[in-house]
Amino acid sequence: MSEQPVMIFHVAYRLDPEATSASGIRPLKMRRAFEDLGYRVIEISGRHSERRGRLKRVRKEIRSGLRVDFVYSESATAPTGLGEPLTLHTSFSRDVRFLHFCKRFGIPVGLFYRDIYWNFPIYRKIVKWPFSMVLRALHRRDLRGYRRAGIDIYLPSMEMSQWVPTIDRARFRELPPGCEIRDGAPAPEGERAPLRLLYVGGLSDNYRMHESVRAIAGRPGVTLTICTREAEWKLREPEYREMMAPNIRVVHRSGDELRELYDEANACLLAVEPIVYWTFAVPVKLFEYLGNGKPVLASSGSYSGRFVRDQSVGWTVDYGSAEFAETLDRLVERPEELEAVTEWVRKVRHDHTWQSRARQVVADLAG
């Protein structure tokens with residue numbers, strides 16, 4: 081019997097099995113995906129004191145000859161060392177030094193770099209001086225550490241690379257989120273609109289959908305369900321009040337409660353205003369939509385729009401354009417087009433599971 085391959089899964093924070101945010105869910109899914117591929121996963125995570133002990137033990141095992149195929153790490157949105165509350169055990173360099181140590185012992189290392197929000201001017205408006213200055217300096221220190229270690233940097237999209245300083249462009253690789261395949265129960269028959277759209281997500285300034293909602297409101301044959309947090313809807317409802325219509329409803333659900341919404345819908349919506357952020361940001365919901373077998377309407381000028389167009393998993397249209405309204409009408413009049421794209425989505429989604437993302441990492445680092 082061949083020996084089970086070994087990989088190291090490293091995060092400089094505690095993994096939360098109950099995580100609901102994208103930044104908390106992704107590392108859990110990737111860790112599980114490596115196990116699904118047959119790897120023995122040596123996990124290095126936890127609070128500062130726990131991680132320090134694990135790093136010490138694993139260093140000793142590597143020096144003693146432990147064969148490790150590769151190391152996969154995921155950064156936090158905060159600088160390294162600040163993903164957990166500060167303690168006497170806090171170190172801003174211990175984790176990066178460990179990655180460098182692995183490289184020196186000939187172990188390939190890849191790190192998923194999660195977020196570049198800190199490099200935008202708006203960050204300094206949200207995080208006040210001097211904290212913004214300190215945090216930005218620590219983020220840049222992390223990047224210098226990754227560069228010195230010579231590790232490969234995974235990004236949600238290659239478009240994000242133009243905003244990441246310090247790192248050699250040749251070190252970047254794209255690793256978007258994955259999905260879980262779910263085949264829901266068909267919605268009950270009855271009086272249903274031919275085109276039943278679903279949007280799941282926020283409504284903050286980064287998720288402006290006013291023109292899309294305006295185009296859908298009162299449109300024959302089309303319904304829209306917006307699923308967002310109740311507190312967020314209370315804050316944003318005045319902005320949408322004038323354009324609401326009987327064919328649009330707002331609900332507040334999460335987790336397993338979303339299943340019924342996906343079963344009712346036959347397409348999903350990401351037709352948000354394409355600000356600079358969306359040219360490189362990758363919504364996890366895009367892949368959740370695909371995992372549920374739903375084609376997507378997305379805005380051109382965004383990563384989602386490019387992906388939808390390149391993968392032929394929906395329709396990419398200009399935000400707030402007549403083309404968007406025309407696309408809605410065409411899908412109502414030609415249900416066979418919607419059915420054909422849905423059938424393709426249900427095939428191609430298998431190329432975008434979390435296991436597929438893990439296979440890519442294995443091929444990149446250990447292939």
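Heads up: take any position in the sequence shown, counting from 1, add 80, and you land on the working numbering.
Here a beta-carbon is modelled for each residue, glycine too, at the ideal position from N, C-alpha and C.
Beta-carbon proximity of residue i to residue j, cut-off 8 Å
i, j, result
"alanine 378", "glycine 371", "no"
"leucine 277", "threonine 303", "yes"
"tyrosine 152", "methionine 110", "yes"
"threonine 160", "aspartate 222", "yes"
"serine 129", "threonine 167", "yes"
"threonine 157", "aspartate 195", "yes"
"leucine 117", "arginine 439", "yes"
"isoleucine 105", "alanine 99", "yes"
"proline 107", "glutamate 154", "yes"
"isoleucine 122", "phenylalanine 150", "no"
"serine 237", "tyrosine 383", "yes"
"leucine 135", "phenylalanine 178", "yes"
"alanine 229", "histidine 180", "yes"
Burial state of residue i (16 or more Cβ within 10 Å)
i, result
"glutamine 242", "exposed"
"aspartate 175", "buried"
"methionine 81", "In this predicted model, methionine 81 has a pLDDT of only 49, less than 50, meaning its place in the structure is not dependable; the value taken from the coordinates is given anyway. Flag for methionine 81 reads exposed."
"arginine 410", "exposed"
"glutamine 84", "exposed"
"glycine 258", "buried"
"lysine 374", "buried"
"histidine 332", "exposed"
"serine 144", "exposed"
"arginine 437", "buried"
"phenylalanine 185", "exposed"
"arginine 131", "buried"
"valine 356", "exposed"
"phenylalanine 200", "exposed"
Identity of the residues DSSP links to residue i by a beta bridge
i, result
"aspartate 263", "Aspartate 263 is not bridged to any residue."
"glutamate 123", "Phe89"
"alanine 378", "Leu350, Thr396"
"serine 153", "His90, Leu191"
"isoleucine 233", "Leu191, Phe252"
"arginine 276", "Thr303"
"leucine 328", "For clarity, residue 328 is isoleucine in the given sequence; the question names leucine instead. Isoleucine 328 pairs with Leu304."
"threonine 433", "Cys259"
Reference residue i; option with closest CA among the options
i, options, result
"asparagine 327", "Val148, Glu291, Ile296", "Ile296"
"serine 401", "Met289, Thr433, Leu191", "Met289"
"isoleucine 142", "Phe172, Val86, Val330", "Val86"
"aspartate 444", "Ala158, Glu340, Leu191", "Leu191"
"proline 354", "Val397, Tyr197, Gly447", "Val397"
"serine 380", "Tyr369, Gly373, Phe360, Leu315", "Phe360"
"isoleucine 247", "Arg227, Tyr234, Met238", "Arg227"
"valine 425", "Ala347, Trp434, Ser436, Phe172", "Ala347"
"leucine 315", "Leu283, Glu340, Arg294", "Leu283"
"tyrosine 193", "Lys183, Arg220, Cys182", "Arg220"
Distance cut-off 7 Å: residue i Cβ against heavy atoms of the ligand SAM
i, result
"tyrosine 197", "Annotation note on the ligand SAM: not contained in the displayed structure, which lists no ligands."
Can you find at least 3 beta carbon pairs, one from the region 388-398 and one from the region 270-283, that sit closer than 8 Å? no
On the three-pair Cβ rule with 8 Å, is the region 162-172 touching the region 191-204? no
Pairs of beta-carbons, one from the region 401-421 and one from the region 362-369, closer than 8 Å: are there three or more? no
Hey, is the region 250-257 in contact with the region 310-324, meaning 3+ C-beta pairs nearer than 8 Å? no
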